[in-house]
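Here is the structure we will look at.
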Amino acid sequence: CRRHFHLECNLMLQEPVAFATAVQGLLTAQRQAIEANSNAGGEHLCFMGSGRVEEDQYTHMVVASFLQKNTHYVSLLTGGYASIHDYFGDHMADCLEDHNVRKCLVCQEHNVQQTKSTPLKTSTPSSTDLFSKFSAAMKSKSAEVKGKLLDIIVNPSANGGATASGSNGVPSAPVQERHVSAKERNGKRYRNVAPVFSIDDENEDALDGAGERDEPPLTGDGKEIVNLNQYFKTADIINAFKCQEVHMSGYMYDSHLIITPGQLLVLRELGRGQAQIMVRRPLASIVKITAKKRHRDLITFKYGFPDGDGLLITDMDRFLIPNAAEVTALISRLIVQVLDDAK
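Going by full-length UniProt numbering, the first residue of the sequence shown is number 1, and it counts up by one from there.
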């Protein structure tokens, strides 16, 4: 590594302006080093995260943004800092400058695992990162990670121990959520239950097995390619919002969220005024709309149906939407209308 540059990946969603400034600083430093023919200069940008999946998804998003801008010589170190630590092993002191066994979180985790190890099974050390300390020092907002549900819109339901009142004023029972495969559709259809919009700190692990797909299945014999200008003139479109579709892999796609009286559609831009229709979701299938407490423009739509006192979550989509509050308010209002018409 000729030169390192700390880039706080969370800023991409939390403080886009600050993130753009940091990226500009990175590229400027790189260009100046190359022009000066410095040993610290180089055209290659190798990104290294912490090694923790829940944190490195932001690193993946940053790398994806560089690739989408056609930045040359971009790479990602698989496994992050933890993989470097494991690679050097007992030779860390010789290979990594200023490595401190007492302060290194990976070393501490190894020591804990060795202490708790049993003859039955040796557990694999979890990837803990040194970069979390840097993040905590650089961001004062990190202390706000944990919080209860806020700003509940449209018939709030209980969550996290809170209670919600129904139309008759009687507190309703907490709605339990569970994720299932798309094949499990034997429950009742979603009826007479208003959707919940909430701002919270979603558990990333809970989203992993919920059915979010890297490439949405296409209906019909082929892809649905449309001309954006012509499609926007369709009579039944209530509104269209420019957004970015976000996948668990970290990749983001420039897209448009199309709202009709009964459906939510996602059009992914292909260039030259064309787009591909990726998904068509009935509004009545949306059972929950959530936003990150720290990233309120990062919206997750969860689809499913009631199952007794709980909800079956069959699929989900995630978007980065400017002015997301306007979008969620409109969709929530339309869902209520759809459900009222279905009575």
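Glycine is no exception: its CB is placed at the ideal position from the N, C-alpha and C atoms.
With respect to the alpha helix (DSSP H) encompassing Glu55, which residues constitute its N-terminal and C-terminal limits? DSSP places Glu55 inside the alpha helix (DSSP H), whose first and last residues are Val53 to Gln68.
Exposure label - Phe19; buried when at least 16 CB within 10 Å:
Classification for Phe19: buried.
What are the boundary residues of the beta strand (DSSP E) that includes Ser75?
Following the DSSP letters along the chain, one finds Ser75 inside the beta strand (DSSP E) bounded by residues Val74 to Leu76.
query = Looking only at DSSP bridge pairs, what is Met316 linked to?
reply = Beta bridge pairing from DSSP links Met316 with Lys302.
- Message: To the nearest angstrom, how far is the alpha carbon of Ser285 from that of Ile259?
- Response: Straight-line Cα distance between these residues: approximately 14 angstroms.
Alpha carbon to alpha carbon, how far is Cys46 from Gly304? Give it in angstroms, no decimals.
-> Gly304 and Cys46: Cα-Cα distance of roughly 40 angstroms.
For Asp297, which residues of its own chain have a beta-carbon under 7 angstroms away from its beta-carbon, when the five flanking residues on both sides are left out? Contacts found: Leu320, Ile321, Pro322 and Ala324.
- Reduced DSSP category for Ser142 - H, G, I as helix; E, B as strand; rest coil: Confidence at Ser142 is low in this model, with a pLDDT of 34, below 50, so its placement is unreliable and no value can be given for it.
Any idea if Leu67 is buried or exposed, counting beta-carbon neighbours within 10 angstroms, 16 or more meaning buried?
Leu67 should be labelled exposed.
Close Cβ partners of Asn227 (< 7 angstroms) along its chain, the five nearest in sequence each way excluded: Only residues of its own chain outside the window of five on either side were considered, and among them Gly273 and Gln274 have a CB closer than 7 angstroms to the CB of Asn227, listed in chain order.
Which whole-angstrom value describes the C-beta separation of residue 344 and Leu11, a residue pair presumed to lie in contact below a C-beta threshold of 8 angstroms? With the chain represented from 1 up to 343, any question about residue 344 goes unanswered, as that position is not in the structure.
Taking the continuous beta strand (DSSP E) assigned at Tyr253, which residues delimit it?
Where Tyr253 is concerned, the enclosing beta strand (DSSP E) stretches over Met252 to Ile259.
Practice task
Within its chain, find whatever has a CB closer than 6 angstroms to the CB of His44; leave out the 5 residues flanking it on each side and keep chain order.
Solution key: The residues are Tyr73.
Using the Cα positions of Lys293 and Leu339, report the straight-line distance between them to the nearest angstrom.
About 28 angstroms.
*asked:* Whole angstroms are fine: how far does the CA of Leu76 sit from the CA of Leu27?
replied: Inter-residue distance for Leu27 and Leu76 is about 17 angstroms (C-alpha atoms, whole angstroms).
Alpha carbon of Ala82 to alpha carbon of Gln230, nearest angstrom:
Taking the straight line from one Cα to the other gives about 50 angstroms.
Residue environment, Lys146, which counts as buried when at least 16 other CB atoms sit within 10 Å: Annotation note: pLDDT 31 at Lys146 (below 50); position unreliable, no value reported.
Practice problem: List the endpoints of the continuous beta strand (DSSP E) containing Val226. | Solution: In the DSSP assignment, Val226 falls within the unbroken beta strand (DSSP E) covering Ile225 to Asn227.
Exercise for the section: Would you mind working out which of Thr71, Gly80, Asn39 and Gly42 sits nearest Gln57, comparing C-alpha positions? Expected result: When C-alpha distances from Gln57 are compared across Thr71, Gly80, Asn39 and Gly42, the shortest belongs to Gly80.
Next on the checklist: Can you give me the C-alpha to C-alpha distance between Arg281 and Leu264, rounded to a whole angstrom?
Outcome noted: Straight across, the Cα-Cα distance linking Arg281 with Leu264 is about 5 angstroms.
DSSP on Val327, reduced to helix/strand/coil? Three-state DSSP puts Val327 in a helix.
- Under a three-way DSSP split, which group does Thr290 fall into? Thr290 falls in the strand class under three-state DSSP.
By DSSP's criteria, Pro16 is part of a beta bridge. Which residues make up the other side?
Per DSSP, none; premise fails for Pro16.
Q. Which residues does DSSP pair with Lys242 in a beta bridge?
A. According to DSSP, Lys242 bridges with His256.
Our contact map puts Leu13 next to His295 with C-beta atoms below 8 angstroms; I'd like the distance itself, whole angstroms only. Indeed, because the Cβ distance is near 4 angstroms, the residues count as touching under 8 angstroms.
message: Determine whether the beta carbon atoms of Leu283 and Ile335 lie at a separation below 7 angstroms.
response: Yes, Cβ-Cβ distance for Leu283 and Ile335 is below 7 angstroms.
Are the beta-carbon atoms belonging to Thr300 and Met278 less than 7 angstroms from one another?
Not in contact: Thr300 and Met278 (Cβ atoms no closer than 7 angstroms).
Look up Glu109 in the DSSP assignment and say whether it is helix, strand or coil.
-> Residue state, collapsed to three classes: helix.
As assigned by DSSP and simplified to three states, the class of Gly80:
Looking at Gly80 - three-state DSSP - the assignment turns out to be helix.
Any idea what DSSP makes of Ile152, helix, strand or coil?
-> Interpretation of Ile152 is limited by its pLDDT of 29, a score under 50 that renders its predicted location unreliable; the figure taken from the coordinates is listed afterwards. In the structure shown, Ile152 sits in a strand (DSSP, three-state: E or B).
| According to DSSP, what are the bridge partners of Gln30? | For Gln30, DSSP assigns no beta-bridge partner whatsoever.
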